Amino acid sequence: MTSSSSQPVKAVLGPTNTGKTHLAVERLTAHSSGMIGFPLRLLAREVYDRVVAIKGAAQVGLITGEERILPPDARYLLGTMEALPVTRDVAFVGIDEAQLGADPERGHVFTDRMLRARGREETMILGSASIKGLVKGLVPEAEIITRPRFSTLSYAGSSKLSRLPKRSAVVAFSAEEVYAIAEMLRRFSGGAAVVMGALSPKTRNAQVAMFEAGEVDYLVATDAIGMGLNLDVQHVAFASLQKFDGRRLRRLTISEMAQIAGRAGRHQQDGSFGTVGLPQGGFTPEEIHAIEGHHFPPLASLFWRNPTPRFGSLDQLLADLAQPPSQPMLRAAPEAVDIAVLRHLAGDMEVRARGGDFDAVERLWDVCGLPDFEQLGAEHHSRTVFKLWQWRTSGDGMIDPDWFARRLARLNDVEGDIDQLASRIAAVRTLCFIAQRGDWIAGAAGWTEQAQALESRLSDALHDALAQRFVDRRLALLLRDAGQRGTALPVAVGADGTVAVDGEAIGTLKGFQFKVDPVAKASDHRLLLAAAEKHLRAELARRATALAEGDDAALSLVAEPGTAPRLAWHGHVVATLTRGPTLVQPAIQIDPSLRRLEPSQVQAIAERLQRFVAAQLARHAGPLAAMGEAAGDLFTPPRVRALLAALTDNSGTIGRAAVEEQLNALTADERPQLRKLGFTIGSLDIFHPLLLKPEAVRWRAALTAAQQGAPVPALPPHGAVLQKTGSQAGLAIAGFRRCASGWLRIDMAEKLARQAHAARMQAAAPPTSPVAGGAEHHHDDHGEEEVHSAAPPGFVIDPALATSLGLDEETRRALLGSFGFRGVGDPALQRWRWSGLRKAADKRPRRKKDRKGSDSAPRAAANGAARRPPADQAKGKRGKPGKPRPDTGRPPRPDRPDRSPRRGPSPNSPFAGLAALLADARKD
């Protein structure tokens, strides 16, 4: 900037809403380059966005204490007044809110810019008409231009907080007041947006966006809104007429009142102002008249401080800063934070010792310019400044990056309440200021990026915390909805069931059951339920039709362990299975959440669920359904019906011992009816293989639980064949049988039984005929040895199948014992014999003479006993049918009439037919 007075200077003065800032932006963009200084970072950011929209991001820069966006080719700069580069040569310079030269804390900066900042082609001073005389006296070459307000501003009197008109801004002067008012507005009207100068631009913009979008009807702010922020406010209500200015609590000046009240009304829309209650007695008639007519007392002077102090020594610096102004319209500025910190550090021995070092003094004043964002006070703030000065005057003159990183890491926490988050943001602003100074810290660009990213995250968290505490969008919506008679707000049900009325979630709809949002206050539940009742009728009717007319894919059985069996639609429970006439005909009890539907809809749903259950039973448990149908069929023989009824009551599987009498009573013509239904009549159990499939087991468990009025038991995993532990009821339904220390599925047990009986029959069968011509040769070589060797007792059952099922030796022996097999001889040889399944009447001890006498020979014959076989059988030879056996040189064995006849297999055994064929072969 140039100090030449040859270029035109314009002072555009007037009240708020006169378009001064808009005019400055127009003039800025009309020149080849330029910059404008603003009183607030928020306002600088707002205008920066506007200029970027006109000129593009590559040509526009933003400079504030905590944020710096400087493209290489930037020709237009927007920033805070302190951050603007005074030495930059530009065509246009704008100074906004110049009347702030009367501010005790920052006034000297605005005064300096008004006196020294000039553009090559044009300079524009913007401010209130109250500085008109000072501009004429201090900048005599300036052209004074006054602008009238576009709209009318009128006094609306006092009002209760609950009676404030919509689109109102309530102004308070402390964070505590702002929070208290916002909390009350939340209870009255659903909430308010919050704007304070301490907020980051991102948080402030997010809060203002809620107000501008109509999400909330009220805005609670500090006097920060008086500094040119453009808001759609129709009424400004003062909650207080006094503030603490850093030194004392005082009443607002008329200019300050007008600056804030002037935010009401936008462009040509009229606005109003008033108070909430009567704070400090309310407005006086004189104040009301001055604000409405824009008649403000002129400012008598502006604050000034020497902008170019010398650094020859510490004392010289202090003396220059204390230098009084030379013009009567200026007065010495009060001691600001930077001078207070400098005076505090001047008493330090190390600082005083280097008080004659030009570079040390210059750098000391430089670091004293670090703003006290955290409002710690001069003494506490000076500790940070002193540490920075030590680094700046030693070594490479750069701040320790480890210290900076530690401070950054300590602040990287987005949890906490509003005050904690605001405090962290203030501390991060200090780090952002340091990171902007490339001559203070190495790698400034990287640190700036990290610090700004942290500030952004904290700002988001603060915005969320503010919205959560002070905004109840749902209440605001419901209050509006309750007043809209005959007007239906749009309702939407999300994929996750969230019900939103006009975009605001009020609860969740799971199937047909509506649940109020669990975080809603108890006092809001009635409003939420009423809103759901009003807006969900059509949706519930649509779902009822979809359920009644839909396909089976949307329906499912819910059979969770420990709960009642239920039916679900798209995963949401709609009915419960209860006790019915039979196991395969359960009753269906409609869920209470469907009772709000029309009776005809409920009936249609009940009929649809009955069809679904019938279809699923036919698909997954068809044999069980067929069994129940046959058991009730009068044309089925009574004995078969009795057996089928027992099977049906036991959900399709039953131990053979429980129905042995009914089974034995069946005639030869009745047994095929069981086999026709696909049942397996095993050694230990009667079952249908299809009923052991996972889905069939699940339905059988649900039906059993419904019939018994009990919860569904825990079922074994799908595909399991051996279980060591588990629910006995669930294992029994799934078709598992107790076996030693575990449970084995009954179809696998039957498989093992058949393997054992096959081994038994193979051992009892005569050997097959040898190949012609080979027997004689074999006999010549080994006949003598085979005659003198005795075969081991019993027969071998291959353990491979049991091992593949995971059975240990103890379980395998117990299982084979339950089949009627007993181990014989040395256990290591794994030899077995068949002793048969004893009936209850036979389970009494036999006498020794029976075991030693006539019973021993038949048992040995039946089990492939140790009786020496004929030589031709020992050698594997067997004559062809019709040919005599060759002479072995031994007399034939005489008959033993004293022995009892050979005992054959049980007539109920599947091997009885094979034994009869073998007996006939022996007779031949």
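The numbering of the sequence shown is the numbering used here, which starts it at 405 and goes up by one. Ideal Cβ positions, reconstructed from N, Cα and C, are used throughout, including at glycine. As the structure is a prediction and not an experimental result, all values here were calculated from the model.
Asked                                                                                                                                                                           : Found
Can you round the beta-carbon distance between residue 1229 and residue 1210 to whole angstroms, since I take them to be within the 8 Å contact cut?                            : Not really, about 27 Å apart at Cβ, beyond 8 Å.
Tell me the DSSP secondary structure of residue 602 in three-state form.                                                                                                        : coil
Look at the alpha carbon of residue 473 and the alpha carbon of residue 836, and state the distance between them as a whole number of angstroms.                                : 13 Å
First and last residue of the beta strand (DSSP E) that includes residue 558?                                                                                                   : 557-563
Alpha helix (DSSP H) containing residue 1214: first to last residue?                                                                                                            : 1213-1223
Under DSSP, the beta strand (DSSP E) around residue 986 begins and ends at which residues?                                                                                      : 976-986
The alpha helix (DSSP H) with residue 695 in it runs from where to where?                                                                                                       : 689-697
Closest to residue 557 by CA distance: which of 436, 1031, 913 and 667 is it?                                                                                                   : 667
Checking the sheet assignment: what are the DSSP bridge partners for residue 526?                                                                                               : 496
So, for residue 740: in the same chain, excluding its five sequence neighbours on each side, which residues have a beta-carbon less than 7 Å away from its beta-carbon?         : 509
Could you pull out every unbroken beta strand (DSSP E) segment of at least 3 residues lying fully inside the stretch 421-469, listed in chain order?                            : 438-442 and 464-467
Report the three-state DSSP secondary structure of residue 1155 (helix, strand or coil).                                                                                        : helix
Residue 919 by DSSP, collapsed to three states: which one?                                                                                                                      : strand
Check each candidate in 1070, 596, 428 and 611 and name the one with the smallest Cα separation from residue 446.                                                               : 611
When the Cα of residue 839 is compared with those of 419, 848 and 832, which residue comes out closest?                                                                         : 848
Within the same chain, show all residues whose beta-carbon is closer than 6 Å to that of residue 422, passing over the 5 residues directly before and after it, in chain order. : 551 and 553
May I have the straight-line CA-CA distance separating residue 1122 from residue 1111, to the nearest angstrom?                                                                 : 24 Å
DSSP has residue 1228 in a bridge; who is on the other side?                                                                                                                    : 1235
List the residues that DSSP assigns as beta-bridge partners of residue 480.                                                                                                     : 438 and 464
I'd like to check one pair, residue 1139 with residue 1057: are the Cβ atoms closer than 8 Å?                                                                                   : yes
Could you tell me the alpha carbon to alpha carbon distance between residue 675 and residue 452, rounded to whole angstroms?                                                    : 27 Å
Can you say whether residue 762 is buried or exposed, counting buried as having 16 or more other CB atoms within 10 angstroms of its CB?                                        : exposed
In chain order, what residues of the same chain have a beta carbon less than 6 Å from the beta carbon of residue 861, not counting five sequence neighbours either side?        : 818
Which one of 608, 983 and 1010 has the shortest CA to CA distance from residue 994?                                                                                             : 1010
Under the DSSP definition of a beta bridge, which residues are partnered with residue 647?                                                                                      : 654
Report yes if the C-beta distance between residue 718 and residue 789 is below 8 Å; otherwise report no.                                                                        : no
For residue 637, does the three-state DSSP call read helix, strand or coil?                                                                                                     : coil
Determine the burial state of residue 1114: buried for a count of at least 16 other Cβ atoms within 10 Å of its Cβ, exposed for fewer.                                          : exposed
Is it buried or exposed, residue 1161, if we count other Cβ atoms within 10 angstroms and call 16 or more buried?                                                               : buried
Please return the same chain residues whose Cβ sits closer than 8 Å to the Cβ of residue 1235, not counting the five positions on each side in sequence.                        : 1196, 1197, 1198, 1199, 1200, 1227, 1228 and 1229
Using the C-alpha atoms, what's the distance from residue 1167 back to residue 1086?                                                                                            : 22 Å
Could you tell me the distance, in whole angstroms, from the CA atom of residue 983 to the CA atom of residue 909?                                                              : 40 Å
Given 8 Å as the limit, is there contact between the stretch 428-446 and the stretch 568-585, that is, 3 or more CB pairs closer than that?                                     : no
Roughly how many angstroms separate the alpha carbons of residue 652 and residue 921, rounded to a whole number?                                                                : 48 Å
Measuring only the C-alpha atoms, how far is residue 746 from residue 669?                                                                                                      : 44 Å
If you measure between the beta carbons of residue 416 and residue 528, is that distance less than 8 Å?                                                                         : yes
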